Amino acid sequence: MTTETKKIIGRLESVSLPELGIDSMQVKVDTGAKTSSLHVDNIEKIKVKGKPHVKFDLHPDIHNVNKIVSCTAAVNDIRNIKSSNGNAETRYVIKTPLTLGGDTWKVEITLTDRSDMSYLMLFGCEAIGTRFLVDPSEVFCISE
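In numbering that gives the first Met the number 0, the protein residues as written are 0 to 143.
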């Protein structure tokens, strides 16, 4: 992809996570984060048809914490992640479709407690990939 064909996104965008039942969630675009991360509550490891999955609750709207979506997803991996504050944490990793600007593709997302952060999801470098250029002076450039 050349720079002429890449879409420009801002430091904030709105994405959908259709398999998790999320139509619109504001995310912070973070080129310093390798993997995307999502704030979840009540995470529980379960088996579905003999395969490892996780059940968890999430709040798609940071301004309405009473709205809760309960989700189940296959465990794609378990990784040790070093957060921006330097603490290491073992996290479940799921792989799920994400939609932004009319494009949908599968992304890896780590599940963690981001309750003390301003945004419930970080959109990291692996998810940004070669699809987008980031303009940190803009917000909601291609969100639908």
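By construction, the Cβ of each residue, glycine as well, lies at the ideal position given by its N, Cα and C atoms.
Please read these numbers as outputs of a predicted model, since none were measured by experiment.
Residues near residue i in its chain [Cβ-Cβ closer than 6 Å; skip 5 each side]
i	result
Ile108	Ser35, Leu37, Ile93
Cys140	Ile7, Ile8, Gly9
Ile61	Leu119
Test item: CB-CB of residue i and residue j under 8 Å
i	j	result
Tyr118	Lys27	yes
Leu97	Val14	yes
Lys157	Arg130	In the structure displayed, the chain extends from 0 to 143; residue 157 sits before or after that span and is not available.
Leu16	Phe55	no
Val74	Pro59	no
Gly123	Asp29	yes
Rounded Cβ spacing between residue i and residue j (contact assumed at less than 8 Å)
i	j	result
Val53	Ile45	7 Å
Glu88	Ile80	6 Å
Ser142	Glu12	5 Å
Residues bridged to residue i (per DSSP)
i	result
Val26	Glu12
Met120	Leu37
Asp86	In the sequence as displayed, the identity of residue 86 is Asn instead of Asp. According to DSSP, Asn86 bridges with nothing at all.
Val145	With the chain running from 0 to 143 in the structure shown, residue 145 is simply not present.
Buried versus exposed, by CB contacts within 10 Å (16 or more), residue i
i	result
Val133	buried
Val106	buried
Gly31	exposed
Own chain, CB closer than 8 Å to residue i, minus 5 neighbours either side, in chain order
i	result
Leu19	Leu57, Val68, Cys70, Ala72, Thr95
Glu43	Val53, Lys54, Phe55
Glu125	Lys33, Thr34, Ser35, Val106, Glu107
Minimum Cβ-Cβ distance from residue i to chain C less than 8 Å
i	result
His38	Protein chain content of the structure displayed is limited to a single chain, and chain C is not contained in it.
Own chain residues within Cβ distance below 7 Å of residue i, not counting five before or after
i	result
Val138	Gly9, Arg10, Leu11
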